Each structure stands twice: as C-alpha cells, then as structure tokens.
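Participant:
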Ligand SMILES: C[S@@+](CC[C@H](N)C(=O)[O-])C[C@H]1O[C@@H](n2cnc3c(N)ncnc32)[C@H](O)[C@@H]1O
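Numbering (the numbering used here), first residue to last: -7 to 287.
1) Which runs of the alpha helix (DSSP H) spanning at least 4 residues fall entirely within the region 17 to 72, listed in chain order?
2) Just confirm the distance between the C-beta atoms of residue 42 and residue 139, as a whole number of angstroms; I'd bet it's less than 8 Å.
3) If you drop the 5 nearest sequence neighbours on each side, which residues of the same chain put their C-beta closer than 6 Å to that of residue -4?
4) Please classify residue 282: does DSSP put it in a helix, a strand, or coil?
5) Could you name the residues of the same chain whose beta carbon sits closer than 7 Å to that of residue 262, not counting the 5 residues immediately before and after it, in chain order?
6) How would you write the range of the beta strand (DSSP E) that residue 215 sits in, first residue to last?
7) Under 7 Å from any heavy atom of ligand 1, does the C-beta of residue 23 make it?
8) I think residue 217 touches residue 204, with their Cβ atoms under 8 Å apart; what is that distance to the nearest whole Å?
9) Could you name the residues that DSSP lists as bridge partners for residue 224?
10) Taking residue 190 as part of the alpha helix (DSSP H), name the residues at either end of that continuous run.
11) So, for residue 118: in the same chain, excluding its five sequence neighbours on each side, which residues have a beta-carbon less than 8 Å away from its beta-carbon?
12) Since residue 23 and residue 168 are thought to touch, with beta carbons under 8 Å apart, how far apart are those beta carbons, to the nearest angstrom?
13) Answer yes or no: do residue 247 and residue 280 have a C-beta to C-beta separation smaller than 8 Å?
14) Using only the alpha-carbon positions, how far apart do residue 9 and residue 18 sit?
15) Ligand 1 and residue 45: does the residue's C-beta get closer than 7 Å to at least one heavy atom of that ligand?
16) Buried or exposed, going by whether 16 or more other CB atoms sit within 10 Å of the CB of residue 174?
17) Can you tell me whether residue 191 is buried or exposed, with buried defined as 16 or more other CB within 10 angstroms of its CB?
18) Can you list the alpha helix (DSSP H) stretches of 4 or more residues lying completely in the region 141 to 170, in chain order?
19) Give the range of the alpha helix (DSSP H) segment to which residue 121 is assigned.
20) Where residue 135 and residue 163 are concerned, what is the direct C-alpha to C-alpha distance, given to the nearest angstrom?
21) Please return the same chain residues whose Cβ sits closer than 6 Å to the Cβ of residue 278, not counting the five positions on each side in sequence.
22) Here's a check: name, in chain order, each residue in its chain whose Cβ is nearer than 7 Å to the Cβ of residue 52, leaving out the five neighbours to either side.
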C-alpha cells in the first residue's frame, strides 16, 4: 500500500525551522523592494500584492542555530511593511484554513492597523482566487493594475490550470515548486504510480499520464539466464528534470522565467525550487541577480 502522506511531519518541521524558509521569503522580499523602486513614479499603475498561501502572519519556529523557538514574519507581513519608496496599493492575502485566516486577520490588525492599508484576507482555495484575479486583470478596472504574486504552498496544491489562466497579464509570479518534497515522491521508482497520485501529477503539471511517463521513465531490457526481462526505470536526476519541465511549461505562459533557486533541507536534500515568471525582461534579470547573490 502506498503512503499517501506526501509531506511528512519532519518535513513540516524543516519547513518552519529550516534556514531556507527565511531565504525563500528574503528573495521575494528583495524582489518586492526592487519592484516598488521601479514603480515609484509610475503612479498611474495600481499595484497589487497577491499572496496565495499567506499562512497566519506570525510564525513560531525552531531556530536551527540557537535551537530556541523564535518568531518570524510571513512573506505577506514583510511585504506589507514596505512603505518606501512606495507601498502596494492593495494586498490580497489568501489562506484556505479558516483558523489561520482569522489569526492572520488578528495579527495584521494588531500590527498594522489594517485601516491604513487596503488589505483583503480571503479564506478560499488559492487556485480559485488565481482564476478570479485573471478575470479581474482582464476587466476595465483591472487593466490599470499590476500584480506581484507569491504562491508558497507546502505541497502540490497549485493546479496547472490556475497558472495557465495568467497568460498575457501584468503579473510577476514567484512560485515555490515542490520538486523533491512533492512531485518527485509521487514519481515512484518502478513507475507503478497509483491512479490517485497520477491525477495529482497531471493536475500539477497540466500534462497527460502518457507524457509524464514518457518523460520520467524509460523501458530497459535485462538479459537473464532464461531470456530477456523488460522493466520500467525512473530516469536519473529526476528532480532536475522536474525543474526543467516546469520551467518549459512556465515559458509557454510567460515570456520570461528566472533561473530556479534550489532549496535544500539541513540534510542537503532538494525540497523545493523557487522561480519567477513574468512578461517583463527586467523582472527576469532582477530575479536572476537576487538568486545569484543567494547562491
Ligand atoms: C507554506 S505555508 C505559507 C507560508 C507563508 N507564505 C509564510 O511566509 O509564512 C502554506 C499555507 O497555505 C495554506 N493552504 C493550503 N492549501 C491552500 C490552498 N489551496 N489555498 C490557499 N491556502 C492554502 C496552509 O494552511 C498554510 O498556511
């Protein structure tokens, strides 16, 4: 029987405690600062920050170095704090878990006096909100809006369809891709993937099971004493292949995609890759520069 827990509890501890959780938010934070710097005099654009997996805002986690519990601010919190040279005009924070969404609301109210900024907290599925946002951006009002979005899931919650609907829009999208922790774990060594897992892969990658199997597996023949045996073998470097495939998929929707930033856990295992997709060449350059400095 397959273990359907794709993200195990140790990974969640790593997620909150690992230094890399800070690193990923640092990258997006640095990018947001550069973005606002470029947009500082372009007041005719309404700027929207969209955080698709916002969390509760203030997170307690174990500090790897000191082994003490420490508080850290979520991606959305850090970006809401930016005021200079300008701030975003609107913040749209999506958190599916109702309890966390309420905590986020309380935390934002106590820290930022929400009234002073236009902050919307929505407890729904990020996939739905990405589709809604794409419709808004195509509407008359939305055409004056530029978006910086960050989608930061634990696992394989983002459907390819929700990314696809952003084609041609004014959106710079940072996406955390669960390469090692999600997709690669579903791609079983022997190719014997349950229907349930294959559906997850198809949804995340927007590809048919045949294309997925042809890309990640090859047929091999072994000569034995009593004749040939054919078997399916997973290709080497499957995590790198996932990144390359997803980058190609993003390039079908966005004109420019950054280099991937690799996030490893404390044991050196590749867990996620962070990428920026945009229709703006400068966006790609800035993202690559930030990523290079972090490497
Ligand atoms: C990795 S955490 C987000 C971390 C956050 N960006 C930060 O900097 O602290 C993912 C969050 O997404 C929420 N979530 C899970 N599935 C979701 C979905 N389909 N839509 C929106 N939020 C979801 C989880 O409850 C969790 O709080």
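Beta carbons are placed, not taken as given, at the ideal position from N, Cα and C, and that holds for glycine.
Just so you know, these numbers come straight off a predicted model, no measurement behind them.
Facilitator: To lay it out plainly:
1) 67 to 72
2) As a position in the chain shown, residue 42 is number 50, starting the count at 1. As a position in the chain shown, residue 139 is number 147, starting the count at 1. Residue 42 to residue 139, Cβ: 6 Å. Contact.
3) The count along the chain shown starts at 1 and reaches residue -4 at position 4. Its pLDDT being 40, under 50, residue -4 is placed unreliably by the model, and nothing is read from it.
4) Counting from one through the chain shown, the residue named residue 282 turns up at place 290. Residue 282 falls in the helix class under three-state DSSP.
5) Here residue 262 corresponds to residue number 270 of the chain shown, with the count starting at 1. 171, 172, 231, 254, 256, listed in sequence order.
6) Position 223 of the chain shown, counted from the start, is the residue given in the question as residue 215. From DSSP, the beta strand (DSSP E) with residue 215 extends over 209 to 216.
7) As a working note, residue 23 is residue 31 in the chain shown. No.
8) Within the chain shown, numbered from 1, the residue matching residue 217 stands at position 225. Within the chain shown, numbered from 1, the residue matching residue 204 stands at position 212. Not really, about 34 Å apart at Cβ, beyond 8 Å.
9) Locating residue 224 in the chain shown gives position 232, where the first residue counts as 1. Paired residue(s): 211.
10) As a working mapping, residue 190 is identified with position 198 in the chain shown. Residue 190 -> alpha helix (DSSP H) spans 187 to 197.
11) Mapped onto the chain shown, residue 118 falls at position 126. In its chain, beyond the 5 residues on either side, 44, 45, 86, 88, 143, 145, 149, 150, 154 have a beta carbon closer than 8 Å to the beta carbon of residue 118.
12) Position 31 of the chain shown, counted from the start, is the residue given in the question as residue 23. Position 176 of the chain shown, counted from the start, is the residue given in the question as residue 168. Between residue 168 and residue 23 the Cβ distance is about 13 Å, and since that is not below 8 Å, they are no contact.
13) Residue 247 sits at position 255 when you count from the first residue of the chain shown. Residue 280 sits at position 288 when you count from the first residue of the chain shown. No; because the gap between Cβ atoms is not below 8 Å, this pair is not in contact.
14) For the purposes of this step, residue 9 is identified with residue 17 of the chain shown, where counting begins at 1. For the purposes of this step, residue 18 is identified with residue 26 of the chain shown, where counting begins at 1. Note that residue 9 has pLDDT 48, beneath the 50 cutoff, so the model's placement of it is unreliable and no number is given.
15) Taking the chain shown and counting its residues from 1, one reaches residue 45 at position 53. Indeed, a heavy atom of ligand 1 lies less than 7 Å from the Cβ.
16) By 1-based counting over the chain shown, the position of residue 174 is 182. Under this definition residue 174 is a buried residue.
17) On the chain shown, position 199 is the one that residue 191 refers to. Classification of residue 191: exposed, given that the 10 Å Cβ count is below 16.
18) Taking 4 residues as the minimum length, the alpha helix (DSSP H) runs contained wholly in the region 141 to 170 are 152 to 156, in order along the chain.
19) Start at 1 with the first residue of the chain shown, and residue 121 comes out as number 129. Segment 118 to 130, the alpha helix (DSSP H) holding residue 121.
20) By one-based count along the chain shown, residue 135 stands at place 143. By one-based count along the chain shown, residue 163 stands at place 171. Rounded to the nearest angstrom, the two C-alpha atoms are 11 Å apart.
21) Sequence index remark: in the chain shown, residue 278 carries index 286 (1-based). Excluding positions up to five away in sequence, the list reads 26.
22) Along the chain shown, one-based indexing puts residue 52 at 60. Excluding sequence positions up to five before and after residue 52, its CB lies within less than 7 Å of the CB of 61, 63, all in the same chain and listed in chain order.
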